[in-house]
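Novice: Handing you a structure now.
Protein chains: 2
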Amino acid sequence: MGPKSGDGAEPDPPRPRRRPTIQDLARAAATSPSTASRALSGNGYVGADVRARVLAAAERIGYVPDSNARTLRNRTSRAVGMLISDLRNPFYANLAAGIEEQLRSAGYHVIVVNNDGEEEAEVEGARTFLAVRVSAAIITPVSDRAVRMLLNDGVPVVQADRMVEGLTTDGVLVDNVRGAREVTAHLIGLGHTRIALLIDETDWTTGAGRLAGYRAALRAAGVPMDPGLVVPTKFQPEAARDAVTGLLARRPDVTALFAANNMLAEGAFQALQRAGRRIPDDLSLVAFDDVPWMSMVSPGITTVDQHTDDLGRACARLVVDRIAGSADGQATVRYIEPSVTFRGSTAPPGAVISLAGPGPGGVAVSPSS
Amino acid sequence: MGPKSGDGAEPDPPRPRRRPTIQDLARAAATSPSTASRALSGNGYVGADVRARVLAAAERIGYVPDSNARTLRNRTSRAVGMLISDLRNPFYANLAAGIEEQLRSAGYHVIVVNNDGEEEAEVEGARTFLAVRVSAAIITPVSDRAVRMLLNDGVPVVQADRMVEGLTTDGVLVDNVRGAREVTAHLIGLGHTRIALLIDETDWTTGAGRLAGYRAALRAAGVPMDPGLVVPTKFQPEAARDAVTGLLARRPDVTALFAANNMLAEGAFQALQRAGRRIPDDLSLVAFDDVPWMSMVSPGITTVDQHTDDLGRACARLVVDRIAGSADGQATVRYIEPSVTFRGSTAPPGAVISLAGPGPGGVAVSPSS
DNA sequence: CTGTTAGCGCATTCAA
DNA sequence: TTGAATGCGCTAACAG
């Protein structure tokens with residue numbers, strides 16, 4: 017509180033100034049609202065001198081056009097909706113950051129809705145997007161309802177990371193098949209043949225692709241497919257931990273484990289630690305989706321980098337093109353090519369022999385190089 | 017593409033239906049727009065039967081009120097701006113998630129702007145917030161300009177995580193002094209006396225508080241303050257890595273290291289690994305701000321948990337109160353009490369003994385680079 | 001080149 | 001209890 021405040025007993029907050037409208041601006045620039053509008057937007061003729069006056073006045077009085085009025089009048093907004101599954105998961109956080117960054121540089125602002133994987137929240141989010149008249153929406157879909165709502169009202173949708181069946185929209189996907197095939201092939205190349213796949217779902221394009229890539233690599237190498245090595249689990253690290261613990265007990269012959277995403281990898285890693293399995297001596301571990309902890313632990317985890325930032329930026333670019341109408345009538349689906357980052361968690365399956373006997377106890381990972 | 021599509025040669029995209037307005041709704045419900053409005057908003061008298069008809073019609077025709085028109089008319093919106101420094105940093109990602117979650121449940125939607133710590137982007141974001149007429153804004157400030165712009169137009173601001181000097185706004189801060197004091201005291205309790213503090217800034221309330229807490233703990237324990245142990249660095253992990261590498265060479269007597277945030281901790285951890293220093297045998301490590309990798313590495317890092325989700329939710333609650341006017345005229349500043357999570361990275365400075373004398377291995381076994 | 005007019009969709013007067 | 005009229009701030013006709 018400033019020093020001079022002791023005259024009245026009126027405690028009302030310093031009523032903010034009325035926001036200047038284009039009328040105020042016109043007055044300040046000694047012209048009419050329409051001319052001021054033209055000067056600001058650059059549409060239509062305006063004398064150079066007048067334009068300068070308007071711009072100066074705008075700066076001086078702090079005029080900021082009301083985008084609500086603009087949207088109402090123009091029937092189009094600079095807002096884009098972003099419906100994300102879980103901002104706390106670094107995958108989605110990076111995706112969101114990439115999207116926001118690219119959209120902002122293109123002059124759009126983003127309305128973010130986190131749905132925690134809940135269909136209801138997703139539909140609510142779509143409703144919000146309709147209400148604010150977003151120009152487009154980017155969605156990591158959990159169901160098709162939200163997408164359909166938007167499409168039904170003519171809002172262009174870009175599906176990110178995965179696409180729901182039966183919907184024709186733009187989308188950006190990761191080449192899951194290739195990524196999974198490559199890491200799996202890497203394991204096979206090291207000599208592994210009993211490679212378990214830890215996976216939470218195969219209904220979405222993500223899970224289905226990763227399973228397909230895993231199978232393709234086995235098939236290509238002539239390694240027999242063992243259904244008992246495809247371990248289903250839930251999306252939570254805890255569930256994955258339990259699943260891996262069970263696998264370890266059930267199948268001591270397994271020499272390598274492929275976790276289909278970062279959440280499962282987390283659980284798998286913890287399960288291996290707790291079971292005292294050394295990586296990669298006792299078991300090799302690979303994952304899909306590179307996240308920070310994978311390069312912090314020792315040894316680091318060999319993983320498929322999805323280039324999440326690029327994924328996000330690609331979504332944003334598709335949105336911008338679609339809004340501009342420069343995209344043709346067809347839906348565009350782009351693919352991000354993932355790449356494998358090799359770290360220390362993979363090695364030939366030598367130690368499996370000593371696993372039969374009571375292995376050297378102690379904690380899994382040593383911090384030394 | 018459906019099977020039946022081969023009649024016309026017209027490739028124009030299926031022109032979306034015109035969005036139903038309240039006029040359409042009124043027509044569909046056989047009443048007037050004003051009555052329909054009252055029926056939807058619940059303001060004013062409406063016959064029970066009419067209300068039912070309107071609601072049903074709204075559902076049937078998929079009517080979604082245009083929030084732009086509403087905002088224009090009501091001079092108030094349900095939008096809140098969120099200006100965040102770096103969505104890719106788990107601290108900010110969690111903060112954002114907490115904010116979004118709480119605001120959404122209160123009926124607001126959030127416009128997110130990531131500024132990457134850039135003042136220009138921050139000001140641009142504030143401009144966007146003004147343009148869309150947000151009801152309030154939550155900001156992790158990098159400068160005071162954006163905040164001032166908003167305040168100048170009467171937009172309530174909640175500063176999150178840190179507050180810039182000279183500005184009177186609501187805010188939610190972490191008790192940095194206490195958190196830093198507690199971890200430092202923990203180290204002292206273990207017997208450490210030469211504890212280095214790795215810190216990137218002391219101008220913001222965050223850095224200043226953590227430095228103060230560190231000092232307070234030393235003072236309270238009668239441990240002499242050694243200026244050479246306060247190691248300045250930049251906010252990047254790489255810079256922190258170099259700073260720690262330098263410290264290790266310069267001060268082999270240091271037995272514990274306190275990294276002031278998660279970025280610095282990352283660099284510190286890497287520097288220790290590369291230098292072949294074992295944690296906690298050779299050096300104890302603690303950090304401020306718990307992030308996932310700290311519990312994944314072995315041993316885990318003892319750290320100050322800021323309860324980032326709570327921090328975000330508290331910001332959102334403050335915003336809602338302020339908008340509702342239920343907050344009094346005074347600015348409210350809340351404090352989140354952090355807590356220390358003890359993990360394996362801290363232990364008594366046993367190894368330091370052998371480090372003092374020209375013991376076996378001399379100055380720490382360092383096959384560094 | 002510039003100003004006047006009108007209407008985007010909505011909620012609120014004010015009359016009926 | 002309902003409906004007609006009005007204007008929020010802006011921009012695109014359409015005259016001047």
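Top line first, the protein sequences correspond to chains A and B. If you're matching positions, the first sequence starts at 17 in the working numbering and goes up one per residue. If you're matching positions, the second sequence starts at 17 in the working numbering and goes up one per residue. The beta carbon of each residue, even a glycine, is placed where N, CA and C say it ideally should be.
#1: Assign Gly78/A to one of three DSSP states: helix, strand, or coil.
#2: Are the beta-carbon atoms belonging to Arg293/A and Gly187/A less than 9 Å from one another?
#3: To the nearest angstrom, report how far apart Val307/B and Asn278/B are at their CA atoms.
#4: Counting contacts by CB-CB distance shorter than 9 Å, is Gly170/A in contact with chain B?
#5: What residue ranges within the segment 274-345 of chain B form continuous alpha helix (DSSP H) runs of no fewer than 4 residues, ordered along the chain?
#6: What separation, rounded to the nearest whole angstrom, lies between the Cα atoms of Val150/A and Gly328/B?
#7: Using a cut-off of 8 Å between C-beta atoms, extract the partners of Asp82/B located in chain A.
#8: Alpha carbon to alpha carbon, what distance is there between Glu198/B and Ser311/A?
#9: With a cut-off of 9 Å, does the C-beta of Leu103/B fall near any C-beta of chain A?
#10: With DSSP run on the structure shown, which of helix, strand or coil describes Leu189/A?
#11: Can you check which of these residues, Val70/A, Arg120/A, Ala113/A and Asp160/A, is closest to Ala137/A by C-alpha distance?
#12: In chain A, what lies closer than 7 Å to Arg405/B by C-beta?
#13: Give me the Cβ distance between Ala109/B and Leu103/B, rounded to the nearest whole Å; I'm assuming they're in contact under 8 Å.
#14: Measuring alpha carbon to alpha carbon, tell me which residue in Arg86/B, Leu56/B, Lys250/B and Gln289/B is nearest Ala72/B.
#15: Leaving aside the five residues before and after Pro374/B along the sequence, list all residues of the same chain whose C-beta is less than 8 Å from its C-beta, in chain order.
#16: Using the rule of at least 16 other Cβ atoms within 10 Å of the residue's Cβ for burial, across every protein chain shown, is Asn131/B buried or exposed?
#17: Closer than 7 Å by beta-carbon distance: list the chain B residues that pair up with Ser159/A, in chain order.
#18: Where does Arg350/A fall in DSSP's three states?
#19: Return helix, strand or coil for Asp177/A, following the three-state DSSP convention.
#20: Using a Cβ cut-off of 9 Å (strictly closer), state whether Thr144/B contacts chain A.
#21: Can the beta-carbon of Ala162/A be found less than 9 Å from the beta-carbon of Leu99/A?
#22: I need the boundaries of the beta strand (DSSP E) containing Asn130/B, first residue and last residue.
#23: Given this structure, state the Cα-to-Cα distance separating Pro27/B from Gly345/A, to the nearest angstrom.
#24: I'd like to confirm the pairing. Which residues does DSSP put opposite Thr357/B in its beta bridges?
#25: Give the straight-line distance between the Cα atoms of Arg34/B and Ala46/B, rounded to the nearest whole angstrom.
#26: What does Arg120/B reach in chain A if we use C-beta pairs closer than 9 Å?
#27: For the segment 347-361 of chain A, enumerate the residues whose C-beta is nearer than 8 Å to any C-beta of chain B, in chain order.
#28: If I measure Cβ to Cβ from Asp326/A and keep anything under 8 Å in the same chain, skipping five residues before and after, which residues do I get?
#29: Is there contact here, the segment 209-220 of chain A with the segment 264-284 of chain A, by at least three beta-carbon pairs under 8 Å?
#30: Taking all protein chains shown into account, decide if Asn90/B is buried (16 or more other Cβ within 10 angstroms of its Cβ) or exposed.
#31: Going residue by residue through the segment 196-257 of chain B, where are the continuous beta strand (DSSP E) segments of at least 3 residues, counting only ones entirely within it?
#32: Residues in its own chain within less than 6 Å of Val129/A by CB, not counting five upstream and five downstream?
#33: Alpha carbon to alpha carbon, what distance is there between Phe358/B and Val320/B?
#34: For Arg178/A, tell me which candidate among Arg226/A, Ser300/A and Pro248/A has the shortest Cα-Cα distance.
Specialist: Let me spell this out:
#1: coil
#2: no
#3: 7 Å
#4: yes
#5: 278-290, 309-312 and 324-340
#6: 26 Å
#7: Leu88, Ala147 and Arg149
#8: 29 Å
#9: yes
#10: strand
#11: Asp160/A
#12: Residue 405/B lies beyond the residue range present for chain B, which begins at 17 and ends at 385; the question has no answer from this structure.
#13: 6 Å
#14: Leu56/B
#15: Its pLDDT being 32, under 50, Pro374/B is placed unreliably by the model, and nothing is read from it.
#16: buried
#17: Going along chain B, no residue has its Cβ under 7 Å from Ser159/A, so there is no contact; the nearest lies around 18 Å.
#18: strand
#19: strand
#20: yes
#21: yes
#22: His125 to Asn130
#23: Confidence at Pro27/B is low in this model, with a pLDDT of 38, below 50, so the placement of that residue is unreliable and no value is reported for it.
#24: Thr319/B
#25: 20 Å
#26: Val129, Asn130, Ala137, Glu140, Gly141 and Thr144
#27: none
#28: Gly114 and Ile352
#29: yes
#30: exposed
#31: 211-215 and 246-248
#32: Leu99 and Gly141
#33: 9 Å
#34: Arg226/A
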